[in-house]
Amino acid sequence: LAKTTQPISMDSYEGQEVNITCSHNNIATNDYITWYQQFPSQGPRFIIQGYKTKVTNEVASLFIPADRKSSTLSLPRVSLSDTAVYYCLVGPPVDSSYKLIFGSGTRLLVRP
Amino acid sequence: GAVVSQHPSWVICKSGTSVKIECRSLDFQATTMFWYRQFPKQSLMLMATSNEGSKATYEQGVEKDKFLINHASLTLSTLTVTSAHPEDSSFYICSVRTSARGNEQFFGPGTRLTVL
Chain A
25 LAKTTQPISM
35 DSYEGQEVNI
45 TCSHNNIATN
55 DYITWYQQFP
65 SQGPRFIIQG
75 YKTKVTNEVA
85 SLFIPADRKS
95 STLSLPRVSL
105 SDTAVYYCLV
115 GPPVDSSYKL
125 IFGSGTRLLV
135 RP
Chain B
6 GAVVSQHPSW
16 VICKSGTSVK
26 IECRSLDFQA
36 TTMFWYRQFP
46 KQSLMLMATS
56 NEGSKATYEQ
66 GVEKDKFLIN
76 HASLTLSTLT
86 VTSAHPEDSS
96 FYICSVRTSA
106 RGNEQFFGPG
116 TRLTVL
């Protein structure tokens, strides 16, 4: 599985756009990039998944450059409730034997 | 997303006792279930992968006799922490996956185990 590298922590203020970048230099052809959000004492929650270029949903956008060696999760206009740990995972979801292996994640703190 | 439940949500037990944690997939039959453990301020660590009707596959360093996993049906998996000790105190999270949903993985709310 491709190893991922993310910043350990980030600080932001309410209303700002937050961009969290993840490096995955060894990403394979069949790998997708998936981001999860985890609040304290809760299980992770799926945010967004993409393969290339840009993906947007009601929660976030995911930007993936052509070489796919990195990706950026963009959270528009964050609020205090976006304070959480964000995990970037890379792997082949179509593979039934695929296991989600979590890295250290990025601890986002949104301040008033 | 799919609904995954865990029971209990928290449990406190004495050292030496065994604790069973249930994970249920409420709205689809899970092809595979996973168990994770998470210590405070740390990431999730995969403990084992469980397929219905077969023995669980444990990750390196996880004692299979310590953490018994039973996947009796397509909607229920149980994790039993045997002879629990304080160092087993952790947040245990299950997740489920189904090929019917493109192998998307859904997580339960977690179970907080405290061993005194």
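The listed protein sequences correspond, in order, to chains A and B. Note that my numbering gives residue 69 to position 45 of the first sequence, counting from 1, and the numbers run on in steps of one. Note that my numbering gives residue 25 to position 20 of the second sequence, counting from 1, and the numbers run on in steps of one. By construction, the Cβ of each residue, glycine as well, lies at the ideal position given by its N, Cα and C atoms. Just so we're clear, the structure is a prediction, and the values are computed from it rather than from any experiment.
Which listed residue (Gln62(A), Ser94(A) and Lys78(A)) has its alpha carbon closest to that of phenylalanine 111(B): Gln62(A)
Residues bridged to threonine 119(B) (per DSSP): Ile17(B)
Beta-carbon proximity of alanine 53(B) to tyrosine 63(B), cut-off 9 Å: yes
Spatial distance of phenylalanine 70(A) from threonine 29(A) (CA atoms): Those two C-alpha atoms are separated by around 19 Å.
Phenylalanine 44(B), buried or exposed, once every other Cβ within 10 Å from all chains shown has been counted against 16: exposed
The stretch 83-95 of chain A touching the stretch 121-130 of chain A, judged by at least three CB pairs closer than 8 Å: no
Given valine 24(B) as reference, the closest of Leu79(B), Leu49(B), Pro13(B) and Gly115(B) once Cα atoms are compared: Pro13(B)
Residues that serine 65(A) contacts on chain B, provided the C-beta gap is smaller than 8 Å: Phe96, Gly115 and Arg117
Residues near arginine 42(B) by beta carbon distance below 8 Å, same chain, minus five either side: Leu49, Met50, Met52, Ser95, Phe96, Tyr97 and Ile98
Beta-bridge pairing of serine 128(A) - partner residues as DSSP gives them: Beta-bridge pairing links serine 128(A) to no other residue.
8 Å contact criterion, which valine 102(A) and glutamine 40(A) should meet: CB distance rounded: Confirmed, about 6 Å.
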